[in-house]
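Student: Per my numbering, the sequence shown starts with residue 201, numbered consecutively.
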Amino acid sequence: MSGAQRRSVILGTGSELPNKVITNEDLEKMVDTSDEWITVRTGIKERRVLEEGKGNADMAYRAAQRALADAGVEANDLDAIIMGTVTPDYPFPSSACVLEDMLGARGAFSFDVGAACSGFLNAISVADSFIRTGKANKALVVGSDALSRLLNWQDRTTCILFGDAAGAVVLGASENGSRGILSTKLRTDGSYVKQLYVPAGGSLKPARAETVERNEHTITMNGKEVFKIAVRSMEEISREAMDEAGVSIDQVSLVIPHQANRRIVVALAERLGVPMEKVMVNLEKYGNTSAASVPVALDEARRQGRIKNGDIVLLNAFGAGFAWGAAVIKF
Ligand code: UT7
Numbered sequence: 201m202s203g204a205q206r207r208s209v210i211l212g213t214g215s216e217l218p219n220k221v222i223t224n225e226d227l228e229k230m231v232d233t234s235d236e237w238i239t240v241r242t243g244i245k246e247r248r249v250l251e252e253g254k255g256n257a258d259m260a261y262r263a264a265q266r267a268l269a270d271a272g273v274e275a276n277d278l279d280a281i282i283m284g285t286v287t288p289d290y291p292f293p294s295s296a297c298v299l300e301d302m303l304g305a306r307g308a309f310s311f312d313v314g315a316a317c318s319g320f321l322n323a324i325s326v327a328d329s330f331i332r333t334g335k336a337n338k339a340l341v342v343g344s345d346a347l348s349r350l351l352n353w354q355d356r357t358t359c360i361l362f363g364d365a366a367g368a369v370v371l372g373a374s375e376n377g378s379r380g381i382l383s384t385k386l387r388t389d390g391s392y393v394k395q396l397y398v399p400a401g402g403s404l405k406p407a408r409a410e411t412v413e414r415n416e417h418t419i420t421m422n423g424k425e426v427f428k429i430a431v432r433s434m435e436e437i438s439r440e441a442m443d444e445a446g447v448s449i450d451q452v453s454l455v456i457p458h459q460a461n462r463r464i465v466v467a468l469a470e471r472l473g474v475p476m477e478k479v480m481v482n483l484e485k486y487g488n489t490s491a492a493s494v495p496v497a498l499d500e501a502r503r504q505g506r507i508k509n510g511d512i513v514l515l516n517a518f519g520a521g522f523a524w525g526a527a528v529i530k531f
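(1) Can you pull the DSSP bridge partners for G343?
(2) Between S318, P288, I238 and L340, which has its C-alpha nearest S215's C-alpha?
(3) How many whole angstroms separate the CB atoms of L514 and V452, which I take to be in contact at a CB cut-off of 8 Å?
(4) For K394, which of A316, M421, D226 and D355 has the nearest alpha-carbon?
(5) Got a sec? Which residues, its chain only, sit under 8 Å from G402 by beta carbon, not counting five neighbours each side?
(6) Quick check on DSSP: helix, strand or coil for D551?
(7) How about L211 and V465: are their beta carbons less than 7 Å apart?
(8) Hey, would you say L361 sits closer than 7 Å to N516, going by beta carbons?
(9) Is the stretch 253-261 touching the stretch 284-303, taking contact as three or more C-beta pairs under 8 Å?
(10) Can you confirm whether the stretch 408-425 touches the stretch 384-400 when touching is taken to mean that 3 or more C-beta pairs between the two stretches lie within less than 8 Å?
(11) For a test of your reading of the model: does the CB of C297 fall under 6 Å from any non-hydrogen atom of the ligand UT7? Yes or no.
(12) Return the Cβ separation of C317 and F518 in integer angstroms, given the expectation that the two are a contact with Cβ distance under 8 Å.
(13) Helix, strand or coil for G272 per DSSP?
(14) Go through the stretch 407-467 residue by residue and report every complete run of the alpha helix (DSSP H) that reaches 4 residues or more, in order.
(15) Around the Cβ of N224, are there at least 16 other Cβ atoms within 10 angstroms (buried) or fewer (exposed)?
(16) Might you give, ordered along the chain, the residues of its own chain that have their beta carbon closer than 6 Å to the beta carbon of S433, omitting 5 neighbours on each side?
(17) Are there any heavy atoms of the ligand UT7 lying less than 6 Å away from the beta-carbon of I194, as far as the coordinates show?
(18) Could you check if F309 belongs to the surroundings of the ligand ATP, using beta carbon to heavy atom distance under 6 Å?
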């Protein structure tokens, strides 16, 4: 494992789950599906939905406040706020700017990173670079998405999968430790853009009465293709991140994978050679919360006492783009 150098360390974590719950039984009343199908094919039992009238930054704000309190850091001490999201409050400016104002973080520069389900991995990787190069000393990294806003609630192939949530991490700098973020790895393959995307609402097909009529502002997905590439890619990039960190899979005490589908998580664990006891799974309660999935699971794992000082944790995610990533962190 690499020695003393300036590194990013996790000072605190926090998360926010909206109160409104939609169970599989609720979905049975909305589309032609069943609790049994959803449970067997995905492992998901229920998901949360952000109430109407609230925006993504409202969730992000609560998660961020908890992470700041956990870290003992004031919002004014933040140098950077980086938010992984594909469901900002507005087309522009970024939700990170909305969040910055809500937090009253007067000294920060803030921006969003759009990498769908890999958004948190991308955001933490960027924040880590700022910290390691001395451009920031304290950074708030958020993964927050309200994919409920992009769902066609008549499409049973997608509406059963997703939920809303926010997760946040406060990063600080450590000058002389071997702990902290040991490595991050990111990858994309743009040849898969149309396997998982929202066709309208951008500059190519702006919002018009016809695009709304045709439901083109909602998620369109080739689930089988996503499944296949996700398992392979997350395995590969996890191995690359572990190699860079000089860590073997046996040294990893907990894997925190993107919470998309229990079958994907189990297949990934098998390929990595990790027993399921060492894999964090909470997707049965929240579904796939996109950029929030990994930081929410990380926060829950910490609160459940599943991460102790000295533990090495492997994070990984995969989503639209396709974009995927992994990180190895020593606590
Ligand atoms: O972060 C990345 C985001 N995306 C993902 O993670 C998605 C990855 N993919 C998956 O998780 C899985 O591919 C799904 C859960 C989306 C689908 O599972 P599957 O085992 O690949 O099912 P399938 O698409 O092959 O569908 C099997 C059958 C089909 O019926 P036929 O053609 O066999 O008659 C579907 O029409 O199940 C049907 N089906 C459903 N039935 C009941 C599809 N969705 C549903 C549903 N309820 N909700």
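Using N, Cα and C, we set each Cβ at its ideal position, and we do this for glycine too.
Tutor: Taking the coordinates as given:
(1) Taking the sequence shown and counting its residues from 1, one reaches residue 343 at position 143. G343 pairs with G284 and G367.
(2) For this step, residue 215 is matched to residue 15 along the sequence shown. That would be L340, whose Cα lies nearest to the Cα of S215.
(3) Stepping through the sequence shown from its first residue, residue 514 is reached at position 314. Stepping through the sequence shown from its first residue, residue 452 is reached at position 252. So it is a contact: roughly 5 Å between Cβ atoms.
(4) Walking along the sequence shown from the start, residue 394 turns up at place 194. Considering only alpha carbons, the answer is M421.
(5) Residue 402 sits at position 202 when you count from the first residue of the sequence shown. There are no such residues.
(6) Nothing about residue 551 can be reported from this structure: the residues present for the chain run from 201 to 531 only.
(7) Translated into the one-based positions of the sequence shown, residue 211 becomes position 11. Translated into the one-based positions of the sequence shown, residue 465 becomes position 265. Contact: no.
(8) Taking the sequence shown and counting its residues from 1, the one referred to as residue 361 is at position 161. Taking the sequence shown and counting its residues from 1, the one referred to as residue 516 is at position 316. Taking 7 Å as the Cβ cut-off, L361 and N516 do not qualify as a contacting pair.
(9) yes
(10) yes
(11) Residue numbering aside, residue 297 sits at position 97 when the sequence shown is read from its first letter. No.
(12) Here residue 317 refers to the residue found at position 117 when the sequence shown is read from its first residue. Here residue 518 refers to the residue found at position 318 when the sequence shown is read from its first residue. About 6 Å; that satisfies the 8 Å criterion.
(13) Mapped onto the sequence shown, residue 272 falls at position 72. It is coil, neither helix nor strand.
(14) 409-413 and 423-445
(15) Stepping through the sequence shown from its first residue, residue 224 is reached at position 24. It counts as buried.
(16) If you number the sequence shown from 1, residue 433 lands on position 233. Once the five neighbours on either side are set aside, the close Cβ partners of S433 are F518 and W524.
(17) Any question about residue 194 goes unanswered here, given that the chain covers just 201 to 531.
(18) Only the ligand UT7 can be found as ligands here, which leaves the ligand ATP out of the picture.
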